[in-house]
Amino acid sequence: AQSVTQLGSHVSVSEGALVLLRCNYSSSVPPYLFWYVQYPNQGLQLLLKYTSAATLVKGINGFEAEFKKSETSFHLTKPSAHMSDAAEYFCAVTTNTGNQFYFGTGTSLTVIP
Amino acid sequence: DTAVSQTPKYLVTQMGNDKSIKCEQNLGHDTMYWYKQDSKKFLKIMFSYNNKELIINETVPNRFSPKSPDKAHLNLHINSLELGDSAVYFCASSPIGNEQFFGPGTRLTVL
Chain A
12 AQSVTQLGSH VSVSEGALVL LRCNYSSSVP PYLFWYVQYP NQGLQLLLKY TSAATLVKGI
72 NGFEAEFKKS ETSFHLTKPS AHMSDAAEYF CAVTTNTGNQ FYFGTGTSLT VIP
Chain B
780 DTAVSQTPKY LVTQMGNDKS IKCEQNLGHD TMYWYKQDSK KFLKIMFSYN NKELIINETV
840 PNRFSPKSPD KAHLNLHINS LELGDSAVYF CASSPIGNEQ FFGPGTRLTV L
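Just so you know, the protein sequences line up as chains A and B, in that order. Each residue of the first sequence is one higher than the last, beginning at 12 in the numbering used here. Each residue of the second sequence is one higher than the last, beginning at 780 in the numbering used here.
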């Protein structure tokens, strides 16, 4: 079985500051990991995904995440926050044969001008 | 050329009514899902269908019944609506072991 834990349901950063959203996973088999973003009143949009290739994954809008097996982590980062990054972020896990996603509880990112 | 579409986008109804939400995907994916997102933004999977067969049925009241007429469609019918059913319902589709593509959501309000 798989699961993800997102530490921090709310994160606030100043515009231009580093964004760090944490995600730890649990999986008995090699995981596939994803970050999704949800802007207000919209559906979920894929930011980036890890599917066992390069451990540092670059996504859209300047976000990236690093798969660290030793730490069972897949934290999302962005060097410089922009006001438009304010949204809800979800980490998710599945496997290469899995037909079920397991989503984290989400982290709400606020960007302070 | 919308990948995953849902109708309606908004649904306001009285307690006790029966309503349906439709979902269609044009991505050729084998698997489709229904999620419920509550006011705290928690995403809870409700159902998953693979090639028109039910493969995941989480603990959901049997007032909720999914129907998949073909692998491109997964509709959600809800009987005897209750106040607690108010939420945003998302449809999604995916190939096995890969990212899910989400619809825009249906905001259900039960009065």
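Glycine included, C-beta positions come from ideal geometry on N, C-alpha and C.
Practice item. Output the distance between the C-alpha atoms of Asn841 (chain B) and Leu860 (chain B), rounded to the nearest integer angstrom. Key: Taking the straight line joining both Cα atoms gives about 12 Å.
**Study point:** Test: Pro883 (chain B) CB closer than 8 Å to a CB of chain A
**Key:** Residue-level contact check: Pro883 (chain B) touches chain A, since one or more beta carbons of chain A fall below 8 Å from its beta carbon.
**Study point:** Any chain B beta carbon closer than 8 Å to Cys106 (chain A)
**Key:** The question names Cys, yet the displayed sequence has Thr at residue 106 (chain A). For Thr106 (chain A), the answer is yes, since a Cβ of chain B falls inside 8 Å of its Cβ.
**Study point:** Environment of Asp817 (chain B) [buried if 16+ CB atoms lie within 10 Å]
**Key:** It is exposed - the Cβ of Asp817 (chain B) has fewer than 16 other Cβ atoms within 10 Å.
Check your understanding: Thinking just about the alpha-carbon of each residue, which of B:Ile800, B:Pro874 and B:Thr792 is nearest to the one in Thr786 (chain B)?
Key -> Comparing Cα-Cα distances from Thr786 (chain B) to each of B:Ile800, B:Pro874 and B:Thr792, the minimum goes to B:Ile800.
Review point. Apart from the five residues on each side of it in sequence, which residues of its chain come closer than 7 Å, Cβ to Cβ, to Thr838 (chain B)?
Key: Excluding positions up to five away in sequence, the list is empty.
Exercise for review: Using a Cβ cut-off of 8 Å (strictly closer), state whether Phe78 (chain A) contacts chain B.
Suggested key: Judged by the 8 Å Cβ criterion, Phe78 (chain A) is not in contact with chain B.
Review point. Does the distance from the C-beta atom of Ala871 (chain B) to that of Tyr814 (chain B) stay below 8 Å?
Key: Ala871 (chain B) is a Cβ neighbour of Tyr814 (chain B), given a cutoff of 8 Å.
Check your understanding: Can you name the start and end residues of the beta strand (DSSP E) that Glu77 (chain A) belongs to?
Key -> It spans Glu75 to Lys79 - the beta strand (DSSP E) in which Glu77 (chain A) sits, taken as one unbroken run.
Review point. Out of curiosity, what's the CA-to-CA distance linking Thr2 (chain A) and Thr888 (chain B)?
Key: Nothing in the structure corresponds to residue 2 (chain A), since chain A is present only between 12 and 124.
Practice item. Work out the CA separation of Val783 (chain B) and Lys798 (chain B) for me, nearest whole Å. Key: Approximately 20 Å between the Cα atoms of the pair.
**Study point:** Contact between the stretch 48-59 of chain A and the stretch 21-38 of chain A (3+ Cβ pairs under 8 Å)
**Key:** Contact check between the stretch 48-59 of chain A and the stretch 21-38 of chain A: fewer than three CB pairs, one atom from each, fall below 8 Å, which does not count as touching.
Exercise for review: Please name the residue in B:Gly807, B:Ser873, B:Phe821 and B:Glu803 whose C-alpha comes closest to that of Leu855 (chain B).
Suggested key: The shortest C-alpha separation from Leu855 (chain B) is found at B:Glu803.
Review point. Candidates A:Ala12, A:Tyr47 and A:Val24: which alpha carbon is nearest Phe881 (chain B)'s?
Key: Proximity to Phe881 (chain B) across A:Ala12, A:Tyr47 and A:Val24 peaks at A:Tyr47, based on C-alpha coordinates.
Check your understanding: Does Leu55 (chain A) get closer than 8 Å to chain B when you measure Cβ to Cβ?
Key -> Under the 8 Å criterion on CB atoms, Leu55 (chain A) is classed as interfacial with respect to chain B.
Review point. Who pairs with Pro834 (chain B) in a beta bridge, going by DSSP?
Key: A quick correction: the sequence has Ile, not Pro, at residue 834 (chain B). Answer is none; Ile834 (chain B) lacks a bridge partner.
Exercise for review: Starting from the C-beta of Phe85 (chain A), find all residues in its chain whose C-beta is less than 7 Å away, skip the five residues before and the five after it, and write them out in chain order.
Suggested key: Taken in chain order, the residues that qualify are Cys34, Tyr36, Leu44, Tyr61, Ala76, Phe78 and Cys102.
Review point. How is Leu890 (chain B) classed by DSSP in three states: helix, strand or coil?
Key: If DSSP states are grouped into helix, strand and coil, Leu890 (chain B) belongs with coil.
Point to revise | Gly115 (chain A) to Ala12 (chain A) span [Cα, whole Å] | key: Their backbone Cα atoms lie some 14 Å apart in a straight line.
Practice item. Would you mind telling me which residues of chain A sit closer than 9 Å to Gln879 (chain B), beta carbon to beta carbon, in chain order? Key: Result: Phe45, Tyr47, Leu55, Leu57, Ala103, Thr105 and Phe112.
Exercise for review: Return the chain-ordered ranges of every beta strand (DSSP E) run that is complete within the stretch 803-890 of chain B and spans a minimum of 3 residues.
Suggested key: Here the runs fully enclosed are 810-816, 822-829, 832-836, 843-849, 852-857, 866-873 and 885-889.
**Study point:** Assigned secondary structure, Ser91 (chain A) (DSSP; H/G/I helix, E/B strand, else coil)
**Key:** Residue state, collapsed to three classes: coil.
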